[in-house]
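*Asks:* The sequence shown maps to residues 475 to 890 in my numbering.
Heads up, the beta-carbon is just placed ideally off N, CA and C, and yes, glycines get one too.
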Amino acid sequence: VTALLTSDRALPPALAALRAAGGGAVVAGGDGDAELLAAADLVVDGLVGIGFTGELRPPLARLAKLLDYVDATVVAVDVPSGVDASTGAVEEAAVRADVTVTFGALKAGLVVDPGADHAGLVDLVDIGLELPPASIEVVDADDVAELLPAPAPESDKYRRGVVGVVAGSNAYPGAALLSVGGALITGVGMVRFVGTYGPAHVVRLRRPEVVVTEISDGDAEAMLGAGRVQAWVVGPGLGTGPPARSLVTAALASDVPVLLDADALTIVAADPAMLANRSSPTVLTPHAGEFARLMRVDRDDVEARRLDHARRAAGELGVTVLLKGSTTVVADPAGAVRVNTAATPYLATAGSGDVLSGICGALLAGGLAPLDAGATAAFLHGLSGLLAAGRPAAPITGGDLIERLPAAIRAVQTDL
475 VTALLTSDRA LPPALAALRA AGGGAVVAGG DGDAELLAAA DLVVDGLVGI
525 GFTGELRPPL ARLAKLLDYV DATVVAVDVP SGVDASTGAV EEAAVRADVT
575 VTFGALKAGL VVDPGADHAG LVDLVDIGLE LPPASIEVVD ADDVAELLPA
625 PAPESDKYRR GVVGVVAGSN AYPGAALLSV GGALITGVGM VRFVGTYGPA
675 HVVRLRRPEV VVTEISDGDA EAMLGAGRVQ AWVVGPGLGT GPPARSLVTA
725 ALASDVPVLL DADALTIVAA DPAMLANRSS PTVLTPHAGE FARLMRVDRD
775 DVEARRLDHA RRAAGELGVT VLLKGSTTVV ADPAGAVRVN TAATPYLATA
825 GSGDVLSGIC GALLAGGLAP LDAGATAAFL HGLSGLLAAG RPAAPITGGD
875 LIERLPAAIR AVQTDL
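1. Near Val677, what residues of its chain come up, given a Cβ to Cβ distance below 7 angstroms and the 5 sequence neighbours on each side ignored?
2. Thinking C-alpha only, which one of Gly711, Asp745, Gln704 and Val703 is nearest Thr723?
3. Output the distance between the C-alpha atoms of Ser643 and Glu611, rounded to the nearest integer angstrom.
4. Check whether the Cβ of Val549 sits closer than 7 angstroms to any heavy atom of the ligand NAP, and report yes or no.
5. Quick check on DSSP: helix, strand or coil for Gly792?
6. Would the region 590-610 and the region 831-846 be scored as touching if the rule is three or more Cβ pairs under 8 angstroms?
7. For Gln887, collect the residues of the same chain with a Cβ closer than 7 angstroms to its Cβ; drop the 5 residues on either side in sequence, then sort them by chain order.
8. Taking the beta carbon of Ser560 as the centre, do at least 16 other beta carbons fall within 10 Å, making it buried, or is it exposed?
9. Measure the C-alpha to C-alpha separation of Asp552 and Arg536 and round it to an integer number of angstroms.
10. What number of angstroms, rounded off, separates the C-alpha of Thr476 from the C-alpha of Leu534?
11. Within 10 angstroms of its Cβ, does Ala490 collect 16 or more other Cβ (buried), or is it exposed?
12. What does a CB cutoff of less than 6 angstroms around Thr836 pick up in its chain, not counting 5 residues either side in sequence?
13. Would you report the Cα separation of Ala502 and Gly589, rounded to the nearest angstrom?
14. For Asp558, which of Asp545, Val585, Leu821 and Val575 has the nearest alpha-carbon?
15. Could you tell me which uninterrupted alpha helix (DSSP H) segments, each at least 4 residues in length, are contained entirely in the region 752-781, listed from first to last along the chain?
16. Where does Glu628 sit, in a helix, a strand or coil, going by DSSP?
17. Rounded to whole angstroms, how far is the Cβ of Pro673 from the Cβ of Gly692, which I believe are closer than 8 angstroms?
18. Tell whether a beta-carbon distance below 8 angstroms holds between Val613 and Val811.
19. According to the neighbour-count rule (16 or more other Cβ atoms, all chains shown, within 10 Å of its Cβ), is Lys631 buried or exposed?
20. Rounded to the nearest angstrom, what separates Met748 and Ala885 at their Cα positions?
21. Any contact between the region 840-857 and the region 571-580? By contact I mean 3 or more CB pairs, one from each, below 8 angstroms.
22. Buried or exposed for Thr759, going by 16 or more other Cβ atoms inside 10 Å?
23. Should the region 724-738 be called in touch with the region 765-784, which here means at least 3 C-beta pairs below 8 angstroms?
24. Could you compute how far the alpha carbon of Gly602 sits from the alpha carbon of Leu781?
25. If contacts are defined as beta-carbon pairs under 8 angstroms, then Ala852 and Val804 qualify, I think. What distance do you get, rounded to the angstrom?
26. Report, in whole angstroms, the separation of the C-beta atoms of Ala563 and Ala817, which I expect to be a contact under 8 angstroms.
27. Can you name the start and end residues of the alpha helix (DSSP H) that Thr823 belongs to?
28. May I ask which residues mark the beginning and end of the beta strand (DSSP E) holding Met664?
29. With the cut-off set at 8 angstroms, would you say Pro710 and Ala641 are in Cβ contact?
30. Buried or exposed: which applies to Thr527, given that a residue is buried once 16 or more other Cβ atoms fall within 10 Å of its Cβ?
31. List the residues that DSSP assigns as beta-bridge partners of Leu734.
32. Hey, quick one: how far does the alpha helix (DSSP H) through Phe853 stretch, first residue to last?
33. Is the Cβ-Cβ distance between Ala571 and Val549 less than 8 angstroms?
34. Give me the residue from Asp507, Gly496, Arg493 and Gly497 with the minimum Cα distance to Ser481.
35. Taking DSSP's pairing of strands, which residues face Glu611 in a bridge?
36. Just how far apart, CA to CA, sit Ile689 and Arg865?
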C-alpha cells in the first residue's frame with residue numbers, strides 16, 4: 475500500500491502508523507505519481523470530503539484526470555472527488571469511480587447526474603447515525619408497490635379514475651396512441667381521448683377501450699364537454715398554434731389536476747403566467763431542452779445542475795416538475811424531491827415521453843398526489859424500459875414500453 479499525498483503536510487503520527495503497518499508514502503507531483511497509479515491494482519480516492527463544492531484545485535484535478543487512464547479499480551470514499559455531494563454537480567475534473575462506499579446515508583450527488591455517473595456502484599454503510607427526515611428520496615420498487623392504486627371489491631371505472639388525454643394531430647397521430655396506451659395499461663378506470671379526426675381515427679382503430687370524442691381543431695368547449703375526468707394529459711403531438719393554445723388554456727382553467735407535456739410546454743414557455751392561480755395541481759414533464767425554454771436558462775446548465783433547476787422551477791412556478799433525463803428528478807412546490815434510478819439510456823427514443831405522460835396522468839386520475847404520481851410513473855416507465863431493452867441491452871421503441879408495462883407493474887408487486 476502506498477499513500478499518494480497531496481501535500482507534504484501529512485500528520486506525522488498518521489505517517490508513522492502507515493509505515494509501521496508496512497505501507498509507504500510519496501508526495502504527488504511529477505511523473506512518479508502517474509507511474510504509481512498506472513501500476514496499481516486498486517486506487518482509493520480520498521482527495522476531498524463531502525463538504526467539497528466548486529472545482530478541484532489544479533494539483534487535485536490533475537490526479538483526478540490521471541485516473542481516467544488507469545486500469546485499476548477505483549473506489550471512492552463517501553463521494554467521488556470533484557462531485558458536489560449535495561447536488562451532483564461536476565464543475566470540471568472529477569474522479570470516475572467503479573465503486574463508491576458511502577457512510578450513514580446516500581448523498582444526493584450519488585443519485586443525481588452528472589454526479590451519479592461518476593459514482594459507479596454505490597455501497598451504503600450504516601454507521602448508526604441519527605438523521606433528520608430526508609428532503610430528497612430515492613424511489614424503489616417497495617415505494618411504488620405501496621403507492622400504486624389498487625381497485626377495491628366495490629370499485630367501478632369511475633372510482634378507479636377517468637383520465638382525459640388531449641394529444642396528437644393530423645401530423646402526429648402516433649403521439650395520441652402512445653399517451654393513451656400508457657394511461658390504459660397503468661390501470662386507470664377509463665381513458666377519454668379528445669382530438670381531431672386524424673388522431674381520433676387512429677385511437678378508435680387501435681384502442682377500442684378508449685372513449686373517443688372527436689372535435690374540430692381548437693374547440694375548447696367541446697373538449698370540456700367530452701365528459702367527466704379526474705385529470706387531464708395535454709400536449710404530446712398537439713402542435714403549438716392558436717388551436718392548441720386554446721385547448722391548453724381550457725385544461726388549465728379546469729378544477730382537476732393537469733399534466734402538460736411536449737407541445738403544451740412550448741405553449742406555456744411563451745406565457746408562464748398561464749400556470750398561475752390554479753385551484754388544482756399542475757405537473758410539467760419536460761426534458762432538458764423544454765425545461766431550458768420554459769425557464770429561460772442554458773440547456774447545458776440544466777444537465778449539469780438538474781436538482782437545483784428542478785427545485786427552483788417547482789417553487790417559482792408553483793407546479794410539480796418531472797425533469798426527464800439520465801436520472802429523472804421530480805420536485806414539488808414545497809421543496810420535496812424524488813429521484814428515479816430505474817432507467818436505461820435506450821429510453822431516449824421517440825414516443826417514450828408520450829408513454830410517460832399517459833402513465834403519470836392515469837396515476838393522477840387514480841388519486842395520487844402529484845409528487846407520488848410523478849415518482850411512481852418515472853419508476854414504472856424506467857423499469858419498463860429496462861425490461862424491454864433486456865440483457866445485453868438492445869434498442870427499444872415507445873410501443874415496447876407499453877408492452878412491457880404490465881410486467882413492470884407485476885414486478886414491483888413481487889420481490890424484485
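*Replies:* In brief:
1. Around Val677: Ala650, Leu651, Val654, Phe667, Val684 and Val686.
2. Asp745
3. 37 angstroms
4. Absence of the ligand NAP is noted for the structure shown, with no ligands found whatsoever.
5. coil
6. no
7. Ala619
8. Per the 10 Å Cβ criterion, buried.
9. 20 angstroms
10. 17 angstroms
11. exposed
12. Inspection of the sequence shows that residue 836 is occupied by Ala rather than by Thr. Within the same chain, Ala836 has close Cβ partners Val637, Ala657, Thr660 and Val662.
13. Using only the alpha carbons, I get a separation of about 25 angstroms.
14. Asp558 has its Cα closest to that of Val585, out of Asp545, Val585, Leu821 and Val575.
15. 762-769 and 773-778
16. coil
17. With 8 angstroms as the limit, Pro673 and Gly692 do not qualify as a contact, their Cβ atoms being about 14 angstroms apart.
18. no
19. exposed
20. 39 angstroms
21. no
22. buried
23. no
24. 27 angstroms
25. The Cβ separation is near 6 angstroms, so the contact holds.
26. Not quite, the Cβ-Cβ distance comes to about 20 angstroms (not below 8 angstroms), so this is no contact.
27. For Thr823, there is no enclosing alpha helix (DSSP H), as DSSP marks it with neither H nor E.
28. Met664 to Gly669
29. Yes; because the gap between Cβ atoms is below 8 angstroms, this pair is in contact.
30. exposed
31. Partner(s): Val708 and Leu758.
32. Pro844 to Ala863
33. Result yes, Cβ atoms of Ala571 and Val549 sit closer than 8 angstroms.
34. Asp507
35. Arg812
36. 44 angstroms
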